[in-house]
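Just below is one structure, and these are the notes that go with it.
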Amino acid sequence: MIRRTILAAVCLVLAALAAMSARAHASVANPDPRAEALYRSAQADIARNTIDTRRRAIARLEEAIKIDREHPGYELALARAYFACGFRRLARRHYERVTQLEPDDADAHYGLGQVWRRDWLKYLEPSSLDRAIEQFSMTARLRPEACDAWLQLVPLYVQRGNTSVAMSASAHAVDADPARPEAVLALAHCAYRSGEAHTADSLFRAAVPRLPKLARDRFEDISPVATPRDTFTLHRLSPAGQRDFVAKFWRENDPDLSSPENEALLEYWSRVAQAYFLYFDAKRREWDERGEVYVRYGLPDSVCYNPIGEVLSMRFQTGPAYPVNVLMWQYKDLGMTVKMHDRTLSEYYMLPMTMDHDPDPRPDADSLAGLTDRLAVRGGRGVFPTLPPGVRAMPVHGQVARFLTDHGGRLNAAIETAAAPGDTLTAQWTVLDTLGHEVERATRSLAQSACDPTDRGVADFAADLT
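For the sequence shown, numbering that gives the first Met the number 0 gives the first residue as 0, with consecutive numbering after it.
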């Protein structure tokens, strides 16, 4: 009996939705002339893009909906106008109304994804992140050729830690629009987060030069992680000198000289990509302090919005107190908690204003000294892992011998590490001169040791040096 009641209720709901959709189609096919005139005037106001014209457009769209409550186009336009003005709750209400009138409207689901994404960025509620992913996923299913929906999913899945799904979304974005550099950038970002350093390096170098200048500058800029002195020196150089300075900076901060890729640089690019997708504000043409901190130290261990007990106001030397929103990012391994203030209540975070200390975040020196798997740049303005994500260090023993011959020098090296008979392992060596330039590189497959064939793998290298 209960099952029949549930089935009957489901049928009633489906019938109601079908009737609503039929009315919506009828309304679109035969729009009311008064409502249509208001809609067209509102669209012209939106195109002018001023505060007054946006307000007038909202009023006209609200009036159009009062005349015709079954037209999804009017609801969608009003939802977009509300969202552009920052009224997320009103935008959500009208986007949801569109999905009631037209359940398969991809634009409405995309708009809801944007609303929930903004809600998550502001309040950090995991449920908002889930809803944003749900709505963008629905958009991608309804319109798989839409690159934007796939691109929106990439940083959200990375934030959730689901790299494999993020990689799939980035691949779909490239399929949807192979010529779009942001799609290739997303694929590079996910490739590195999956531990594919070589692939990521190639993709980053293909994508970054094709990005718009504002975005490209983020990847080429080292000022977030360089000391103020280095930044000052850099900006006084010629363009060619700046390129050499940046190359030297990353060469000095390469955690593994034996690999052809610079893991710290790739980690930085990956962080810049994530920060660009999440925090870059196209209207302000920049990201806020969240982007700066993210590219320096990566994903925090925990985040908190307006923590209990925190003073949610700021006061100048004279005058009243002004309200602020407070965001706290904690990096436990670095012994560091970063506090950021939204002083304009517009979701634009800055470092706190203070006269008694430098608010610029720096890791605790003792905590940093105990981390053998991290590399800190000079001044502690950036910390990077020494290995790509998902790659683990193996203990390796080796010996290097140098010989003089009639033709110059000869360098021999031998290494061994734990390896079972079925393991497939390779070793790579790189020889640098006194200036740090590469003069020899080779890769060898490890063979089973003749002395201990069940537990050890060995490889040897040799090079003639002039």
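Positions of the beta carbon are idealized from the N, C-alpha and C atoms, including for glycine.
Taking C-alpha atoms, which residue in I307, G381, E133, Q329 lies nearest to Y296?
Numbered from 1 along the sequence shown, position 297 holds the residue referred to as residue 296. Residue G381 is the option with its Cα nearest to Y296.
Can you tell which of A182, A214, L128, L120 has the C-alpha that lies nearest to the C-alpha of A145?
Residue 145 sits at position 146 when you count from the first residue of the sequence shown. Nearest C-alpha to A145: A182.
How would you call P299, buried or exposed, if buried means at least 16 neighbouring beta carbons within 10 angstroms?
Along the sequence shown, read from residue 1 onward, the residue named residue 299 stands at position 300. It counts as buried.
At a threshold of 6 Å, does D332 count as lining the ligand PLP (C-beta to nearest heavy atom)?
Here there are no bound small molecules, and the ligand PLP is not part of this structure.
First and last residue of the beta strand (DSSP E) that includes G407?
Along the sequence shown, one-based indexing puts residue 407 at 408. 407 to 417 is the extent of the beta strand (DSSP E) around G407.
If the criterion is Cβ atoms closer than 7 Å, does the pair D280 and Y348 meet it?
Numbered from its first residue, the sequence shown carries residue 280 at position 281. Numbered from its first residue, the sequence shown carries residue 348 at position 349. No, Cβ-Cβ distance for D280 and Y348 is not below 7 Å.
Mind checking V12: buried by the 16 CB within 10 Å criterion, or exposed?
As a position in the sequence shown, residue 12 is number 13, starting the count at 1. Bear in mind that a pLDDT of 40 at V12, under 50, signals an unreliable position, so the number given afterwards is only what the model happens to contain. Exposed, because fewer than 16 other Cβ atoms sit within 10 Å of the Cβ of V12.
What number of angstroms, rounded off, separates the C-alpha of A178 from the C-alpha of E133?
The residue given as residue 178 occupies position 179 in the sequence shown. The residue given as residue 133 occupies position 134 in the sequence shown. Roughly 27 Å between the two C-alpha positions.
Can you list, in chain order, the residues of its chain whose CB lies under 6 Å from that of F411, leaving out five sequence neighbours each side?
Locating residue 411 in the sequence shown gives position 412, counting from the first residue. Checking the displayed sequence, the identity of residue 411 turns out to be Asn instead of Phe. The answer, listed in chain order, is A400, A461.
Excluding five sequence neighbours on each side, which residues of the same chain lie with their C-beta closer than 6 Å to the C-beta of Q427?
Here residue 427 refers to the residue found at position 428 when the sequence shown is read from its first residue. If we look at Q427 and ignore the five residues flanking it on each side, its Cβ neighbours are S257, T442.
Should A352 be labelled buried (16 or more other beta-carbon atoms within 10 Å of its own) or exposed?
Residue mapping note: residue 352 aligns to position 353 of the sequence shown, counting from 1. Residue identity differs from the one stated: residue 352 is Met in this sequence, not Ala. By the 10 Å Cβ count, M352 comes out exposed.
Is S301 helix, strand or coil when you go by DSSP?
Position 302 of the sequence shown, counting from 1, holds the residue named residue 301. It is a strand residue.
Roughly how many angstroms lie between the CA atoms of Q99 and E74, to the nearest whole one?
On the sequence shown, residue 99 is found 100 positions in, with the first residue counted as 1. On the sequence shown, residue 74 is found 75 positions in, with the first residue counted as 1. Each residue's Cα considered, the two are about 11 Å apart.
Would R289 pass as a contact of Y278 if the rule is Cβ separation under 7 Å?
Here residue 289 corresponds to residue number 290 of the sequence shown, with the count starting at 1. Here residue 278 corresponds to residue number 279 of the sequence shown, with the count starting at 1. Result yes, Cβ atoms of R289 and Y278 sit closer than 7 Å.
I'd like the list of long-range same chain contacts for C10, defined as Cβ closer than 7 Å, with 5 residues on each side in sequence excluded.
Position 11 of the sequence shown, counted from the start, is the residue given in the question as residue 10. Bear in mind that the predicted position of C10 carries a pLDDT of just 46, short of 50, making it too unreliable to give a figure here.
So the candidates are E309, M335, A246; which of them puts its Cα closest to the Cα of D220?
Within the sequence shown, the letter at position 221 stands for residue 220. Considering only alpha carbons, the answer is A246.
Using the beta-carbon count (16 or more within 10 Å), is Y466 buried or exposed?
Any property of residue 466 remains undetermined from this structure, which presents the chain solely from 0 to 465.
With respect to the alpha helix (DSSP H) encompassing V457, which residues constitute its N-terminal and C-terminal limits?
Looking up residue 457 in the sequence shown gives position 458. Boundaries around V457 are those of the beta strand (DSSP E), 455 to 464, since no alpha helix (DSSP H) includes it.
Which ranges would you report for the beta strand (DSSP E) in the segment 220 to 304 if only whole runs of at least 3 residues count?
301 to 304
Evaluate N252 with the Cβ neighbour count: other Cβ atoms within 10 Å of its Cβ, from every protein chain shown; 16 or more gives buried, anything less gives exposed.
For this step, residue 252 is matched to residue 253 along the sequence shown. So N252 counts as buried.
Who pairs with K338 in a beta bridge, going by DSSP?
Numbered from its first residue, the sequence shown carries residue 338 at position 339. DSSP lists M327 as partners of K338.
Excluding the 5 residues preceding and the 5 following T198 in the sequence, name in chain order all residues of the same chain whose CB lies nearer than 7 Å to its CB.
Position 199 of the sequence shown holds residue 198. If we look at T198 and ignore the five residues flanking it on each side, its Cβ neighbours are A190.
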